[in-house]
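Under full-length UniProt numbering, read the sequence shown as residues 1 to 430, first letter to last. Even for Gly, the Cβ is constructed at its ideal location relative to N, Cα and C. This report concerns only the one structure given below.
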Amino acid sequence: MAVSLELFDTPASRLNSFVAQCQPNIKEWKEDVVKAVRSVEKFLKEQHFQGDHGLDQKALKVIQVGSFGNGTVLRNHAEVELVMFLSGFSSFQEEASNHNHHKHVLSMLCEKLTDCPDLLHLQPQNLRLVHGVTSAVPFTIQTWEMEQQVTVTIVPAYRILGPSVPNFQPSPEVYARLIKARHTLGHFSPSFSELQRNFVKYKPTKLKSLLRLVKHWYLEYVKAKCPRAELPPMYALELLTIYAWQTGTEEKERFRPIILDPADPTYNVATGYRWAIVAQRARHCLKQSCCYDNNETCIPNWKLKVNPYESIQKLKEKIQCKLESSAPQRLSFQEPGGERQVLGNISSLADYSIFSDAHISLLQIVSPEMQVFLKNPSGGSHAYAIYSSSLVLDLKCQIEVREGLLRKKQQLEFQSQVLQDEWSLRFCGV
């Protein structure tokens with residue numbers, strides 16, 4: 001059954017039910033997928049890969065990692081990542097000097113997957129070899145028992161770690177040898193994939209539910225909206241979510257996206273990705289129903305020091321600076337046992353007998369998206385869907401995703417005025 005509600009239409013009080021709908025039915029779904037994946041694992045363990053210089057390798061171990069392995073998989077997003085630990089290497093340096101051998105192994109693997117009679121019932125399709133910091137072979141499988149296709153990705157790795165348990169910590173010597181290898185950052189990340197999986201797998205159930213919610217938002221409202229952008233990997237989002245859960249979310253100025261892999265602290269999993277797009281989509285999400293409770297009180301709270309004799313309009317201006325948003329506001333106040341009062345702009349807190357610490361409720365009125373037509377120097381134009389409360393920088397991010405033109409090289413003008421990144425479109429008169 002598909003998710004019946006859209007995330008942005010779901011009030012915060014019903015998010016637990018929403019997450020439950022995102023989780024696949026274990027009895028009807030996971031058993032069939034596990035059975036199919038085990039067939040692939042069995043196939044991998046039976047293979048031998050003859051490489052250059054007589055290097056003969058086989059799979060010592062195959063493990064499930066990613067969302068399927070750590071227990072945060074989503075309904076309708078069935079993806080299984082298998083890490084295949086190969087024999088034949090005894091050090092990081094040796095593996096690094098033979099890194100082309102992994103690509104050779106994956107090329108042979110593509111051929112064997114296509115021709116293997118034991119996998120015909122899985123109908124492997126869309127096989128391809130993907131090159132990057134780590135190379136991989138993704139493909140899809142499906143049986144008559146499975147309602148949907150499952151994407152399987154196979155990644156080869158050098159096995160540096162021994163048997164792993166939930167609280168296992170590698171020897172510091174392992175990381176010393178890793179640093180001495182002096183290879184591309186993240187190249188050996190698959191070797192630590194079992195630690196990465198366990199770091200998430202054994203977290204509390206409530207935290208794993210939050211991870212599912214963040215993943216659903218990321219896949220549906222970030223990745224689907226910006227398919228061509230170089231977005232952060234899911235693992236980086238998992239680590240960021242866990243950090244926010246464990247330490248709170250105090251606002252940090254000049255935040256730099258540094259997220260060290262707890263399994264491989266030499267690797268910053270956040271570097272080189274388009275975090276500005278993720279931040280822009282997150283700001284949009286904060287204005288939706290899922291971030292408000294039934295009393296229209298925004299979930300985040302903060303304190304402001306104000307003069308009770310200043311106008312409510314002055315208070316709203318301070319709130320706009322705090323939120324970095326020019327969206328229309330409605331403020332209200334309710335005494336215990338009394339009726340809720342909407343605070344008028346020309347009145348002051350003193351007019352409502354508010355002279356000490358008080359809890360004021362805020363409702364931001366978010367206007368629907370509008371179409372902005374952008375004319376480029378060549379005479380062509382494109383339409384962009386955006387909110388009037390969005391920043392000029394948000395529009396530039398959309399342009400960069402669609403046109404490939406870096407936002408630093410863009411200059412937007414409206415009514416003969418150059419628009420600044422920190423201005424809202426409403427402030428510009430758009």
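Should W144 go down as buried or exposed, given a rule of 16 or more other Cβ atoms within 10 Å for buried? Residue 144 sits at position 144 when you count from the first residue of the sequence shown. Using a 10 angstroms sphere on the CB of W144, the tally of other CB atoms stays under 16, which defines it as exposed.
Beta carbon of E81 nearer than 8 Å to that of V62: For the purposes of this step, residue 81 is taken as the residue at position 81 of the sequence shown. For the purposes of this step, residue 62 is taken as the residue at position 62 of the sequence shown. For E81 and V62, no; Cβs fall outside 8 Å.
Sheet register partners of R283 (DSSP bridge): Against the sequence shown, residue 283 aligns to sequence position 283. Partner(s): none; R283 has no beta bridge.
Who are the near neighbours of S347 in its chain, counting only those whose CB is closer than 8 Å to its CB and skipping five residues on each side? Against the sequence shown, residue 347 aligns to sequence position 347. For S347, where only same-chain residues beyond five positions count, the Cβ hits under 8 Å are S311, I312.
Residue range of the beta strand (DSSP E) that E81 falls in? Within the sequence shown, residue 81 is the residue found at index 81, counting from 1. Counting along the chain, the beta strand (DSSP E) containing E81 begins and ends at 79-86.
Using 8 Å as the threshold, is the stretch 395-403 in touch with the stretch 271-290, meaning 3 or more CB pairs across them? The count of Cβ pairs closer than 8 Å, one atom from the stretch 395-403 and one from the stretch 271-290, reaches three, so the stretches are in contact.
Helix, strand or coil for M146? Go by DSSP, reduced to three states. As a position in the sequence shown, residue 146 is number 146, starting the count at 1. Of the three classes helix, strand and coil, the one that applies to M146 here is coil, per DSSP.
Determine contact between the stretch 207-217 and the stretch 234-246, defined as no fewer than three beta-carbon pairs at a distance below 8 Å. At 8 Å Cβ cutoff, the stretches touch.
Proximity test, A157 beta-carbon vs the ligand MG heavy atom, cut-off 7 Å: The model depicted lacks the ligand MG and carries no ligand whatsoever.
Which value, in whole angstroms, describes the spacing of the CA atoms of L315 and L425? Counting from 1 along the sequence shown, the entry for residue 315 is found at position 315. Counting from 1 along the sequence shown, the entry for residue 425 is found at position 425. In this structure, the alpha-carbon of L315 lies about 22 Å from that of L425.
Looking only at its own chain, which residues have a Cβ that is under 8 Å from the Cβ of L74, when we skip the five neighbours before and after it? Counting from 1 along the sequence shown, the entry for residue 74 is found at position 74. Hits under 8 Å: C22, Q23, P24, S67, R212, K215, H216, L219.
Excluding the five sequence neighbours on either side, which residues of its own chain have a C-beta within less than 7 Å of the C-beta of Q410, listed in chain order? Stepping through the sequence shown from its first residue, residue 410 is reached at position 410. For Q410, where only same-chain residues beyond five positions count, the Cβ hits under 7 Å are K396, I399.
Might you give, ordered along the chain, the residues of its own chain that have their beta carbon closer than 6 Å to the beta carbon of N126, omitting 5 neighbours on each side? Sequence index remark: in the sequence shown, residue 126 carries index 126 (1-based). Within the same chain, N126 has close Cβ partners F139, T140.
Helix, strand or coil: which one does DSSP assign to P227? Working through the sequence shown from its first residue, we reach residue 227 at position 227. Here P227 sits in coil by DSSP.
Pairwise C-alpha distance: C116 and E194: For the purposes of this step, residue 194 is taken as residue 194 along the sequence shown, with counting starting at 1. For the purposes of this step, residue 116 is taken as residue 116 along the sequence shown, with counting starting at 1. Their backbone Cα atoms lie some 28 Å apart in a straight line.
Mapping the DSSP letters down to three states, classify V392 as helix, strand or coil. Indexing the sequence shown from 1 puts residue 392 at position 392. V392 falls in the helix class under three-state DSSP.
Between the beta-carbon of M84 and the beta-carbon of I154, is there less than 8 Å? By one-based count along the sequence shown, residue 84 stands at place 84. By one-based count along the sequence shown, residue 154 stands at place 154. A contact, by the Cβ cut-off of 8 Å.
Between which two residues does the beta strand (DSSP E) carrying A383 extend? Numbered from its first residue, the sequence shown carries residue 383 at position 383. 381-386 is the span of the beta strand (DSSP E), which, as asked, contains A383.
Range covered by the alpha helix (DSSP H) that runs through L323: Here residue 323 refers to the residue found at position 323 of the sequence shown. Here the alpha helix (DSSP H) through L323 covers 312-323.
Per DSSP, what kind of secondary structure is L106 in: helix, strand or coil? Sequence index remark: in the sequence shown, residue 106 carries index 106 (1-based). L106: helix per DSSP, three-state reduction.
Starting from the Cα of S13, find the closest Cα among Y158, R128, C290, G69 and give me that residue. Along the sequence shown, one-based indexing puts residue 13 at 13. Nearest to S13 by C-alpha distance, out of Y158, R128, C290, G69, is C290.
So, is L60 buried or exposed, given that buried needs 16 or more other C-beta atoms within 10 angstroms? Here residue 60 corresponds to residue number 60 of the sequence shown, with the count starting at 1. The C-beta of L60 has fewer than 16 other C-beta atoms within 10 Å across all chains shown, which makes the residue exposed.
Looking at S332: is its Cβ nearer than 8 Å to the Cβ of L323? Taking the first residue of the sequence shown as position 1, residue 332 is located at position 332. Taking the first residue of the sequence shown as position 1, residue 323 is located at position 323. In terms of Cβ geometry, S332 and L323 do not form a close pair [threshold 8 Å].
Output needed for V190: all residues of its chain with C-beta closer than 6 Å, excluding positions within five of it in sequence on either side, in chain order. Within the sequence shown, the letter at position 190 stands for residue 190. It should be pointed out that residue 190 corresponds to Pro in this sequence rather than to Val. V83, T134, V155, A157, listed in sequence order.
Does the Cβ-Cβ distance between R38 and F92 come in under 8 Å? Residue numbering aside, residue 38 sits at position 38 when the sequence shown is read from its first letter. Residue numbering aside, residue 92 sits at position 92 when the sequence shown is read from its first letter. In terms of Cβ geometry, R38 and F92 do not form a close pair [threshold 8 Å].
Helix, strand or coil: which one does DSSP assign to L219? The residue you call residue 219 lines up with position 219 of the sequence shown. Assignment of L219 by DSSP, reduced to helix, strand and coil, places it in the helix class.
For D264, count neighbouring C-beta atoms within 10 Å of its own C-beta (all shown protein chains included) and say buried if the count is 16 or more, exposed if not. Locating residue 264 in the sequence shown gives position 264, where the first residue counts as 1. Under the 10 Å beta carbon count, D264 is surrounded by 16 or more other beta carbons and is classified as buried.
By the DSSP assignment, the alpha helix (DSSP H) with F355 in it spans what residues? On the sequence shown, position 355 is the one that residue 355 refers to. For F355, no alpha helix (DSSP H) segment is defined, and its DSSP state is neither H nor E.
Taking the continuous beta strand (DSSP E) assigned at D137, which residues delimit it? Locating residue 137 in the sequence shown gives position 137, where the first residue counts as 1. The question names Asp, but residue 137 is Val in the sequence shown. Residues 137-141.
Sequence-distant residues of the same chain with beta carbon closer than 7 Å to R228, five excluded per side: Counting from 1 along the sequence shown, the entry for residue 228 is found at position 228. Beyond the five residues adjoining it in sequence on each side, R228 comes within less than 7 Å, by CB distance, of V401 in the same chain, given in chain order.
Buried or exposed, going by whether 16 or more other CB atoms sit within 10 Å of the CB of S378? In the sequence shown, the residue the question calls residue 378 occupies position 378. By the Cβ-count criterion, S378 is exposed, with fewer than 16 other Cβ atoms from all chains shown falling within 10 Å of its own Cβ.
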